[in-house]
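A.B. asks: Heads up, the sequence shown is in the numbering used here, so the first residue is 278 and it goes up one at a time.
We treat Cβ as the ideally placed atom computed from N, Cα and C, and that holds for glycine.
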Amino acid sequence: MSIQTLLSTALAKRHDFLLQAEQDHTDCFRVFHGTVEGVSGLNVDRYGDNWLVQSFHHTLTAEELAEVVDVLTQEVALPVVYNDRSAGHSRVLNALSPELDDIASAELVMQENGIKFTTKLRHEGQDPLLFLDMRIGREYVRAHSQDKTVLNLFSYTCGIGTAAAMGGAERVVNVDFSSFALAAGRTNAELNQVSEVCEFVQSDAFPALRQLAGLSVGGRRNQKLPSYPKLPQTQFDLVFLDPPRYAKSAFGIVDLVNDYQGLFKPALLSTKAGGTIVCCNNVAKVDRQDWFDSLVRCVEKQGRGVIDHTWLDPHEDFPSFDDNHPLKIVALTLN
Numbered sequence: 278m279s280i281q282t283l284l285s286t287a288l289a290k291r292h293d294f295l296l297q298a299e300q301d302h303t304d305c306f307r308v309f310h311g312t313v314e315g316v317s318g319l320n321v322d323r324y325g326d327n328w329l330v331q332s333f334h335h336t337l338t339a340e341e342l343a344e345v346v347d348v349l350t351q352e353v354a355l356p357v358v359y360n361d362r363s364a365g366h367s368r369v370l371n372a373l374s375p376e377l378d379d380i381a382s383a384e385l386v387m388q389e390n391g392i393k394f395t396t397k398l399r400h401e402g403q404d405p406l407l408f409l410d411m412r413i414g415r416e417y418v419r420a421h422s423q424d425k426t427v428l429n430l431f432s433y434t435c436g437i438g439t440a441a442a443m444g445g446a447e448r449v450v451n452v453d454f455s456s457f458a459l460a461a462g463r464t465n466a467e468l469n470q471v472s473e474v475c476e477f478v479q480s481d482a483f484p485a486l487r488q489l490a491g492l493s494v495g496g497r498r499n500q501k502l503p504s505y506p507k508l509p510q511t512q513f514d515l516v517f518l519d520p521p522r523y524a525k526s527a528f529g530i531v532d533l534v535n536d537y538q539g540l541f542k543p544a545l546l547s548t549k550a551g552g553t554i555v556c557c558n559n560v561a562k563v564d565r566q567d568w569f570d571s572l573v574r575c576v577e578k579q580g581r582g583v584i585d586h587t588w589l590d591p592h593e594d595f596p597s598f599d600d601n602h603p604l605k606i607v608a609l610t611l612n
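#1: What three-state label does DSSP hand K290 in the structure shown?
#2: What number of angstroms, rounded off, separates the C-alpha of V478 from the C-alpha of F528?
#3: Buried or exposed for F598, please, with buried defined as at least 16 other CB atoms from any protein chain shown within 10 angstroms of its CB.
#4: According to DSSP, simplified to helix, strand and coil, what is K549?
#5: Among the residues of its own chain, which have a CB less than 8 Å from the CB of S455, if the five just before and after it don't count?
#6: Taking C-beta to C-beta, are T336 and S363 nearer than 9 Å?
#7: Do three or more CB pairs link the stretch 517 to 527 to the stretch 547 to 565 at distances below 8 Å?
#8: Find out if the Cβ-Cβ distance for the pair L329, L398 is shorter than 9 Å.
#9: For P375, count neighbouring C-beta atoms within 10 Å of its own C-beta (all shown protein chains included) and say buried if the count is 16 or more, exposed if not.
#10: Considering only residues of the same chain and omitting the five flanking positions on each side of T464, which have a CB-CB separation below 7 Å?
#11: Which partner residues does W328 have in the DSSP bridge list?
#12: Which parts of the stretch 482 to 507 are runs of the alpha helix (DSSP H), unbroken and 4 residues or longer, counting only runs that do not cross its ends?
#13: Specify the secondary structure class of K562 as computed by DSSP and reduced to three states.
#14: Per DSSP, which residues does E389 bridge with? Please list them.
#15: In whole angstroms, what separates the C-alpha of P509 from that of L489?
#16: Using CA atoms only, rank isn't needed, just tell me which of L428, A441, M278, G315 is closest to Y417.
#17: Within the stretch 391 to 472, note down every full beta strand (DSSP E) run reaching 3 residues or more, in order along the chain.
#18: Hey, would you say R308 sits closer than 9 Å to V321, going by beta carbons?
#19: Could you spell out the range, first to last residue, of the beta strand (DSSP E) harbouring M372?
#20: Applying the 10 Å Cβ sphere with the 16-neighbour rule, what's the burial state of S504?
#21: Just the Cα atoms here: how many angstroms apart are A354 and D424?
#22: Straight-line CA distance for S268 to A466?
#23: On the criterion of 16 or more Cβ atoms from any shown chain inside 10 Å, does K578 qualify as buried, or is it exposed?
#24: How big is the Cα-Cα spacing for R368 and L295?
#25: Roughly how many angstroms separate the alpha carbons of S547 and N535, rounded to a whole number?
#26: Have a look at L468 and K393 and give me their C-alpha separation to the nearest angstrom.
#27: Contact check, G325 vs L385 under 8 Å by CB: the rounded distance?
#28: DSSP three-state label for R581, please.
#29: Who are the Cβ neighbours of L533 in its own chain at under 6 Å, not counting the five residues just before and after it?
#30: Pull up the DSSP beta-bridge partners for W568, would you.
#31: Can you say whether Q351 is buried or exposed, counting buried as having 16 or more other CB atoms within 10 angstroms of its CB?
#32: Drop a sphere of 10 angstroms on the beta-carbon of G365, count the other beta-carbons inside from all chains shown, and report buried for 16 or more, exposed for fewer.
#33: The beta strand (DSSP E) spanning G315 covers which residue range?
#34: Taking C-beta to C-beta, are T511 and L428 nearer than 9 Å?
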């Protein structure tokens, strides 16, 4: 089947979803999830008043891109930005026309459930400034943050933190190592007039989390530790843990396959009794039930228990094989 046919089919399947998105004041979503819908590595998203096409496995031919543009502009006549990320490290390779280049590098504003978010289709990083499959996480946090204190770890551009503030949180602490990402987070808070409850901590997650948990900062053997912001021991009503698959620093190693507990344990200590910790794991090969069982065991080893849990599956614009989503999100309520 041609890309044109596959994309048209995907849009037709999303007809009701797209109508609901409009009613919900949402103009950012996925319309083609290629891994499941027929072209591995090709994703097509709407980001506000623009379409974003990204290819991760191979460069689209001029003919293929023209087919995609034709289908999209018939759906909604918006500019189409194409980011070819099929080279090493997912860096964007292709040049754009001057007009599209201006659009891609501009700071844009879009909406999700009425919350405003800043985005750039091309910037100094690699990924768009809001991960659309995490919409369900932002919705959950918004619905469970009234009068709560919220810790948002690996916050990136603080979409979760912004949603918490919009849900009536009393205090939101966003922690991320990237000054660029936190700057976007500040913009998101300003766009929604919630800056007064949002805090932004530029720090490696390990020293921040260990201090909040009341643990020694520690570090990897024979590694000289860089400076880090000092934080008091604190517990939160709601903790959101969304680490990358793998990252290494002088303070520790993030490894979602082999050592999720290295982050989960201090995050647990930072969660109040009766509070909730939302855990995310985006590694497809990690089994959902095995991962959940390991979280429960870790809670029990700390002398606590999981009194309730809720799985948060991505919305229908992110289809999966047999409903087995690569992104696993579970909210654990602790005693």
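C.D. replies: Taking the structure as given:
#1: helix
#2: 16 Å
#3: exposed
#4: Reduced to three states, the DSSP call for K549 is strand.
#5: G402, Y433, Q479
#6: yes
#7: yes
#8: yes
#9: exposed
#10: T395
#11: R323, V357
#12: Taking 4 residues as the shortest admissible run, the stretch 482 to 507 contains the following complete alpha helix (DSSP H) segments, listed from N- to C-terminal end: 482 to 489.
#13: coil
#14: I392
#15: When rounded, the distance between both Cα atoms is 6 Å.
#16: Among L428, A441, M278, G315, the Cα nearest to that of Y417 belongs to A441.
#17: 392 to 396, 426 to 430, 448 to 453
#18: What sits at residue 308 in the sequence shown is Val, not Arg. Contact: yes.
#19: The sequence shown places Ala at residue 372, rather than the Met named in the question. First-last for A372: undefined, no H or E at that position.
#20: Exposed, because fewer than 16 other Cβ atoms sit within 10 Å of the Cβ of S504.
#21: 42 Å
#22: No information on residue 268 is available, as it lies outside the stretch 278 to 612 that the chain covers here.
#23: exposed
#24: Counting only the Cα atoms, L295 lies some 30 Å from R368.
#25: 22 Å
#26: 6 Å
#27: That pair is a contact at about 5 Å.
#28: R581 falls in the coil class under three-state DSSP.
#29: R522, N558, V560
#30: Paired residue(s): none; W568 is not in a bridge.
#31: Here Q351 is exposed: its Cβ has fewer than 16 other Cβ atoms, across all protein chains shown, within 10 Å.
#32: Counting Cβ neighbours within 10 Å, G365 comes out exposed, since fewer than 16 surround it.
#33: It is not in any beta strand (DSSP E) - G315 carries neither H nor E in the DSSP assignment.
#34: yes
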